[in-house]
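Protein sequence lines correspond, in order, to chains R and Z.
Going by this note's numbering, the first sequence opens with residue 57, and the numbers climb by one from there.
Going by this note's numbering, the second sequence opens with residue 113, and the numbers climb by one from there.
By construction, the Cβ of each residue, glycine as well, lies at the ideal position given by its N, Cα and C atoms.
Remarks on the structure that follows.
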Amino acid sequence: MQTLTQRLANPTRFMELSRRILPWISGLAALTLASGLYLAFFVAPPDYQQGETVKIMFIHVPAAWLSMMGYLIIAVSSFGLLVFRHPLADVSAKAAAPIGAAFTFLALVTGSLWGKPMWGAYWVWDARLTSVLILFFLYIGQIALRSALDEDPALAGKLTAVLGLVGVVILPVIRFSVDWWNTLHQPASVLRVGGPAIHPSILVPLLVMAVGFTLLFFAMHLKAMRNEILRRRVRSLTMAEVERAARFEVRTAE
Amino acid sequence: MTSIWALIKRDLLLAARDGGATGTALGFYLIVIALMPLGLGPDMQLLSRIAPGVLWIGLLLAALLSLGRMFDTDQDEGVLEALATGPLPLELVAAAKALAHWISSCVPLAILAPVLGLLLNLDLAAYPILVGTVLVGSPAISFLGCVGAALTLRSRRGGLLIALLVLPLYIPTLIFGISAISAVVTPPGSLEASLLLLSAVTIASLVIGPIAAAAALRAQLG
Numbered sequence: 057m058q059t060l061t062q063r064l065a066n067p068t069r070f071m072e073l074s075r076r077i078l079p080w081i082s083g084l085a086a087l088t089l090a091s092g093l094y095l096a097f098f099v100a101p102p103d104y105q106q107g108e109t110v111k112i113m114f115i116h117v118p119a120a121w122l123s124m125m126g127y128l129i130i131a132v133s134s135f136g137l138l139v140f141r142h143p144l145a146d147v148s149a150k151a152a153a154p155i156g157a158a159f160t161f162l163a164l165v166t167g168s169l170w171g172k173p174m175w176g177a178y179w180v181w182d183a184r185l186t187s188v189l190i191l192f193f194l195y196i197g198q199i200a201l202r203s204a205l206d207e208d209p210a211l212a213g214k215l216t217a218v219l220g221l222v223g224v225v226i227l228p229v230i231r232f233s234v235d236w237w238n239t240l241h242q243p244a245s246v247l248r249v250g251g252p253a254i255h256p257s258i259l260v261p262l263l264v265m266a267v268g269f270t271l272l273f274f275a276m277h278l279k280a281m282r283n284e285i286l287r288r289r290v291r292s293l294t295m296a297e298v299e300r301a302a303r304f305e306v307r308t309a310e
Numbered sequence: 113m114t115s116i117w118a119l120i121k122r123d124l125l126l127a128a129r130d131g132g133a134t135g136t137a138l139g140f141y142l143i144v145i146a147l148m149p150l151g152l153g154p155d156m157q158l159l160s161r162i163a164p165g166v167l168w169i170g171l172l173l174a175a176l177l178s179l180g181r182m183f184d185t186d187q188d189e190g191v192l193e194a195l196a197t198g199p200l201p202l203e204l205v206a207a208a209k210a211l212a213h214w215i216s217s218c219v220p221l222a223i224l225a226p227v228l229g230l231l232l233n234l235d236l237a238a239y240p241i242l243v244g245t246v247l248v249g250s251p252a253i254s255f256l257g258c259v260g261a262a263l264t265l266r267s268r269r270g271g272l273l274i275a276l277l278v279l280p281l282y283i284p285t286l287i288f289g290i291s292a293i294s295a296v297v298t299p300p301g302s303l304e305a306s307l308l309l310l311s312a313v314t315i316a317s318l319v320i321g322p323i324a325a326a327a328a329l330r331a332q333l334g
């Protein structure tokens, strides 16, 4: 009995499955995001203190969640590559890095746009902002290390996986140290003991947006993985073609 | 055990006879600290307030300089392959090299730090604790740094890349190191808690660093 991950180890099977799933995920993402944006902009009431700026949060919070989920995907994929040598793990880690970095960047930008009217500055060295910035640096490190080794993709995959695992081990320590260093940001208010502290009129659109963003992430991730697999196939086909041509040349020379 | 000592002794001898690494790091540290007042103005009160942070950041950067050479020359001369086939597991090889880096780079920098503290008008009460925190915290620089050195062994622009990969990992060490000094200079603040957390980070890096570095080396040698 094969598990799902084992069956997906065959890239052809993965391509087949993802080809069928991808339109559904993309469509669902578009629908959820459209309804989420409608709820956020036309239904959700403005905050009594923050006014309309509270609506930035409908983009900001899901982006921040996904910035963490993206790194989690990288870490799990890295583990899958180093421990189980799963052939798709490297593809998944490589595809997730730029997407996760983009969501982290989005969280930082929307956060600073929200911070200007609320805190009076675009950037404040508060603990949560800082740890998201550090997460962004870790993404940049992933991308940079991979691109520095682009002549040997297999090695680049393994080394990036080592970096990803070290990062995920140190990340909680960094989070804790930054919290120790400074705290200004509001504490977590959705996932906490005793239920959410947000009024349903704002919570519902927020959750719809979060689901939409997550679907969008997976749609992009799947598409990027498909592209990467195709790119590798083209690469190995080109290599085979070059080798064939070289052998032909040797034969004609003889 | 003897082979670990032999390896550490060899690395230290190379560092001492070659002479470049330690001297360059010390000179770099001096210059960076000397540039600070030039950039920020000669306000003694301001300098004494930011001295702990500046001293720590300068030390991180100075120690970073010599990280790239940890495995580089051994790779070029084929020593690394010999070590990999030897009886010592690669984890211990990485640990020995990180320890040698700590002794040859971080300890001299820690000794220089109080002298540079004079330049920045650091409070006299902070001197012992400055050296103490640097000695307790800086093994993390070498042991997490050896991961960066191992990861960038084969990449073309290793020197810059290593900073990008490793500096985010140094943040806990930096924060707890500075908070320990600030606890003495500007109370309130708990010196003991900061020192304990700093040593916890160091101990964790003693374990994580060599394991990850060995994994990275194996991927490149195998």
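**Asked** Going by C-alpha distance, which of 203/R, 270/R, 287/R and 161/R is nearest residue 83/R?
**Response** Start at 1 with the first residue of the first sequence, and residue 83/R comes out as number 27. When only C-alpha atoms are compared, the closest one is 270/R.
**Asked** Listing by chain order, which chain R residues have their CB less than 9 Å from the CB of residue 276/Z?
**Response** As a first step, residue 276/Z is located in the second sequence; it is residue number 164 there, counting from the start. Within chain R, the residues near residue 276/Z are 193, 196, 197, 200 and 201.
**Prompt:** For residue 284/Z, which residues in chain R fall below 7 Å Cβ to Cβ?
**Reply:** Counting from one through the second sequence, the residue named residue 284/Z turns up at place 172. 229, 230 and 233, listed in chain order.
**Item:** Interface partners of residue 331/Z on chain R, CB under 8 Å
**Value:** Translated into positions along the second sequence, residue 331/Z becomes position 219. The contacting residues are 211, 214, 215 and 218.
**Message:** Excluding the 5 residues flanking residue 148/Z on each side, which residues of the same chain have their C-beta closer than 6 Å to its C-beta?
**Reply:** Numbered from its first residue, the second sequence carries residue 148/Z at position 36. Within the same chain, residue 148/Z has close Cβ partners 166.
**Prompt:** In three-state DSSP terms, what is residue 138/Z?
**Reply:** Locating residue 138/Z in the second sequence gives position 26, counting from the first residue. Of the three classes helix, strand and coil, the one that applies to residue 138/Z here is helix, per DSSP.
**Message:** The alpha helix (DSSP H) that contains residue 81/R, what's its start and end?
**Reply:** Taking the first residue of the first sequence as 1, we reach residue 81/R at position 25. Residue 81/R -> alpha helix (DSSP H) spans 67 to 94.
**Prompt:** From residue 326/Z to residue 203/Z, what does the alpha carbon distance come to, in whole angstroms?
**Reply:** Locating residue 326/Z in the second sequence gives position 214, where the first residue counts as 1. Locating residue 203/Z in the second sequence gives position 91, where the first residue counts as 1. Those two C-alpha atoms are separated by around 5 Å.
**Contacts that residue 179/R makes with chain Z (C-beta to C-beta distance below 9 Å)** = By 1-based counting over the first sequence, the position of residue 179/R is 123. Residues of chain Z passing the Cβ test: none, with the nearest at roughly 17 Å.
**Asked** Distance, Cα to Cα, residue 331/Z vs residue 192/R?
**Response** As a working note, residue 331/Z is residue 219 in the second sequence. As a working note, residue 192/R is residue 136 in the first sequence. Rounded to whole angstroms, residue 331/Z to residue 192/R spans 26 Å at the Cα level.
**CB of residue 239/Z within 8 Å of CB of residue 220/Z, strictly** = Translated into the one-based positions of the second sequence, residue 239/Z becomes position 127. Translated into the one-based positions of the second sequence, residue 220/Z becomes position 108. Not closer than 8 Å, so no.
**Request:** With DSSP collapsed to three states, give me the class of residue 237/Z.
**Result:** Residue mapping note: residue 237/Z aligns to position 125 of the second sequence, counting from 1. Helix at residue 237/Z.
**Message:** For residue 99/R, which residues in the same chain have their Cβ closer than 8 Å to its Cβ, ignoring the five residues on either side in sequence?
**Reply:** For the purposes of this step, residue 99/R is taken as the residue at position 43 of the first sequence. 257 and 261, listed in sequence order.
**Asked** Should the region 120 to 136 of chain R be called in touch with the region 289 to 305 of chain R, which here means at least 3 C-beta pairs below 8 Å?
**Response** no
**Request:** Answer with buried or exposed for residue 214/Z, where buried requires no fewer than 16 other C-beta atoms within 10 angstroms of its C-beta.
**Result:** If you number the second sequence from 1, residue 214/Z lands on position 102. So residue 214/Z counts as buried.
**Prompt:** Does DSSP put residue 109/R in a helix, in a strand, or in coil?
**Reply:** Against the first sequence, residue 109/R aligns to sequence position 53. If DSSP states are grouped into helix, strand and coil, residue 109/R belongs with the helices.
**Request:** Can you give me the start and stop residues for the alpha helix (DSSP H) that residue 179/R sits inside?
**Result:** Start at 1 with the first residue of the first sequence, and residue 179/R comes out as number 123. Note, residue 179/R: premise wrong, no alpha helix (DSSP H); not H, not E.
**Asked** According to the neighbour-count rule (16 or more other Cβ atoms, all chains shown, within 10 Å of its Cβ), is residue 178/R buried or exposed?
**Response** Your numbering for residue 178/R matches position 122 in the first sequence. By the neighbour-count rule (16 or more Cβ atoms within 10 Å), residue 178/R is not buried but exposed.
**Asked** Buried or exposed: where does residue 94/R fall if 16 or more other Cβ atoms within 10 Å of its Cβ makes it buried?
**Response** On the first sequence, position 38 is the one that residue 94/R refers to. Exposed: under 16 other Cβ atoms inside 10 Å.
**Message:** Tell me which residues share the same chain as residue 195/Z and place their Cβ nearer than 6 Å to its Cβ, disregarding the 5 neighbours each side in the sequence.
**Reply:** Residue 195/Z sits at position 83 when you count from the first residue of the second sequence. Cβ within range, chain order: 205.
**Prompt:** Of the residues 210/R, 235/R and 275/R, which one's Cα is nearest the Cα of residue 77/R?
**Reply:** Translated into positions along the first sequence, residue 77/R becomes position 21. Ranking 210/R, 235/R and 275/R by Cα distance to residue 77/R puts 275/R first.
**Message:** Can you tell me where the alpha helix (DSSP H) holding residue 305/R begins and where it ends?
**Reply:** Within the first sequence, residue 305/R is the residue found at index 249, counting from 1. Looking at the DSSP string, the run of the alpha helix (DSSP H) that includes residue 305/R is 256 to 309.
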